[in-house]
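Encoded as C-alpha cells, the structure appears first; notes follow it.
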Amino acid sequence: MAPASSPTDTAVTPAHVAIIMDGNGRWAEARGLSRSEGHRMGLRATRRAVEFFANRGVRALTLFAFSSENWQRPKAEVEALLDLFVAAIEDELPELREKGIRLRFIGQREEFPGQLQQRMADAEASTQANDTMTLVVALGYGGRWDILQAALRWVRESSAVNPDRDAFEGFLSTAGLPELDLLIRTGGEQRISNFLLWQAAYAELCFLDVLWPDVDDAELQGTLDCYARRQRRFGCTAAQVDTVHA
Ligand code: IPE
Ligand code: IPE
Ligand code: MG
Numbered sequence: 672m673a674p675a676s677s678p679t680d681t682a683v684t685p686a687h688v689a690i691i692m693d694g695n696g697r698w699a700e701a702r703g704l705s706r707s708e709g710h711r712m713g714l715r716a717t718r719r720a721v722e723f724f725a726n727r728g729v730r731a732l733t734l735f736a737f738s739s740e741n742w743q744r745p746k747a748e749v750e751a752l753l754d755l756f757v758a759a760i761e762d763e764l765p766e767l768r769e770k771g772i773r774l775r776f777i778g779q780r781e782e783f784p785g786q787l788q789q790r791m792a793d794a795e796a797s798t799q800a801n802d803t804m805t806l807v808v809a810l811g812y813g814g815r816w817d818i819l820q821a822a823l824r825w826v827r828e829s830s831a832v833n834p835d836r837d838a839f840e841g842f843l844s845t846a847g848l849p850e851l852d853l854l855i856r857t858g859g860e861q862r863i864s865n866f867l868l869w870q871a872a873y874a875e876l877c878f879l880d881v882l883w884p885d886v887d888d889a890e891l892q893g894t895l896d897c898y899a900r901r902q903r904r905f906g907c908t909a910a911q912v913d914t915v916h917a
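Each residue of the sequence shown is one higher than the last, beginning at 672 in the working numbering.
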C-alpha cells in the first residue's frame, strides 16, 4: 500500500496513528492512589486523544488498551480494567456516534466476559457506517497472536499459490486500515511490548516520557510536529521514494 504522503512534504498528517498508552499505574502510585484510579484517569486522556486526532484529520487511531500479557496482572487490577472497558464503551458511544467515529476492536475477544464481548459487537455494529475516523481499540491484543492467527487463516482460507504481502495483510486484524505511519509510546519506556509488530514495519516511532494520564493536546501536537519533520524513505533513496511509492 502507498504511504499517506510524500516523504519531503513537511506539512503532513499521518493517516494512521497508534498509541501505547503507558504509565497509568506509575501515575497513580506517585499520588498514593490505586492503580485502578490511574486507569480511570488514563481514560480521560484517551478521550482527549481521540478528539485531538479526529480533529486533525487522522483516518485511523489504534489504541493499545489491554495486551495479551496484561491478563497476568493481579486479579483485582484486571477486573477493574474490564469494568472500566464495559462502562467506557457505554459512556463514550453517543459522542463517538455524534462525531462520526467508527469503532472497531482487535484482539482475542473470546477471552473476555460475554457482557463485554456483546458491548464490543453492538458498538461496532452501531458505528459501522461512520467515516470521520476509525477508532481501533486493541483489547487482549498481541502482535505475535495477530501474525499467527493471520498465518493460520491464510493457510486454511487462501487458495493463492504465491503468498503476496497485500493478500496476507487482509488476514491481519488491521485489514482495511491505512498503513501505520506513526507509533507513539508514553510513559518513558522505549519498546513495542508486542503491539503492532507487522504493521509497524515502517512506522515513525515517537517516545514520550510523560505518563499517559498527563498527556494533553500540547504533547500530542508535539508528536505530529515530530512526524512532520521526519523524512520517510521506505528502504529507498530519497530521490526514489516519490516514484516508487507514488
Ligand atoms: C498502561 O499503564 C495501561 C495498561 C497496561 C492497561 P500501566 O498500567 O502499564 O502503567 P505503568 O506502566 O505500570 O505505570
Ligand atoms: C503495554 O504496556 C500494554 C498497554 C499499554 C496496554 P505494558 O505496561 O503492559 O508493557 P511493559 O510491561 O512495560 O512491556
Ligand atoms: Mg506499563
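Ideal Cβ positions, reconstructed from N, Cα and C, are used throughout, including at glycine.
Among the options, nearest to residue i - alpha-carbon criterion
| i | options | result |
| --- | --- | --- |
| Arg-768 | Thr-798, Phe-756, Leu-753 and Asp-837 | Thr-798 |
| Glu-840 | Leu-891, Val-832 and Ile-818 | Ile-818 |
| Met-692 | Arg-744, Leu-854 and Gln-820 | Leu-854 |
| Gly-771 | Leu-810, Leu-787, Asn-741 and Asn-726 | Asn-726 |
| Leu-882 | Ala-686, Thr-717 and Ala-838 | Thr-717 |
| Gly-847 | Asn-833, Ser-864, Val-807 and Leu-876 | Val-807 |
| Arg-697 | Gly-906, Lys-746 and Thr-857 | Thr-857 |
| Ala-872 | Arg-836, Leu-879, Phe-842 and Glu-860 | Arg-836 |
| Trp-825 | Arg-773, Glu-875, Leu-843 and Met-712 | Leu-843 |
Where residue i sits in the DSSP three-state scheme
| i | result |
| --- | --- |
| Cys-907 | coil |
| Val-912 | helix |
| Ser-871 | It is worth fixing the name first, because residue 871 is Ala in this sequence and not Ser. Coil, per DSSP. |
| Pro-685 | coil |
| Phe-776 | strand |
| Ala-831 | coil |
| Ala-899 | helix |
| Ile-818 | helix |
| Leu-876 | strand |
Segment limits, beta strand (DSSP E) that includes residue i
| i | result |
| --- | --- |
| Thr-733 | 731-738 |
| Leu-853 | 853-856 |
| Gly-811 | 804-812 |
Residue i: CB within 8 Å of a non-hydrogen atom of ligand 1
| i | result |
| --- | --- |
| Leu-787 | no |
| Trp-698 | yes |
| Phe-905 | no |
| Phe-866 | no |
| Ser-738 | yes |
| Trp-883 | yes |
Contact test: residue i Cβ vs ligand 3 heavy atom, cutoff 8 Å
| i | result |
| --- | --- |
| Gly-694 | yes |
| Gly-778 | no |
| Glu-708 | no |
| Arg-858 | Here the sequence assigns Gly to residue 858, which means Arg is not the residue at that position. Within the cutoff, so yes. |
Cut-off 6 Å between Cβ atoms - residues of its own chain near residue i, not counting five sequence neighbours on either side
| i | result |
| --- | --- |
| Ser-707 | Ala-751 |
| Leu-810 | Ala-736, Phe-737, Phe-776 and Gly-778 |
| Phe-878 | Arg-856 and Gln-861 |
Extent of the continuous alpha helix (DSSP H) to which residue i belongs
| i | result |
| --- | --- |
| Leu-714 | 706-726 |
| Ala-699 | 695-700 |
| Ile-760 | 746-770 |
| Leu-843 | Taken as a continuous stretch (DSSP letters only), Leu-843 belongs to no alpha helix (DSSP H), as it is neither H nor E. |
| Ser-797 | 785-797 |
Check: residue i C-beta below 8 Å from any heavy atom of ligand 2
| i | result |
| --- | --- |
| Gly-847 | no |
| Arg-715 | no |
| Glu-748 | no |
| Arg-711 | no |
Beta-carbon proximity list for residue i, same chain, < 7 Å, skipping 5 on both sides
| i | result |
| --- | --- |
| Pro-685 | Ala-675, Val-729, Asp-852, Leu-853 and Tyr-898 |
| Val-828 | Residue identity check: residue 828 is Glu in the sequence provided, not Val. Cβ neighbours of Glu-828 beyond the five flanking positions: none. |
| Trp-816 | Ser-739 and Gln-779 |
Close Cβ partners of residue i (< 8 Å) along its chain, the five nearest in sequence each way excluded
| i | result |
| --- | --- |
| Leu-753 | Phe-783, Pro-784 and Leu-787 |
| Ala-831 | Ala-838 |
| Arg-719 | Val-886, Asp-887, Asp-888 and Leu-891 |
| Glu-761 | Arg-790 |
Short CB-CB distance (under 9 Å) between residue i and chain D
| i | result |
| --- | --- |
| Ala-846 | Note that chain D does not occur in the displayed structure, where there is just one protein chain. |
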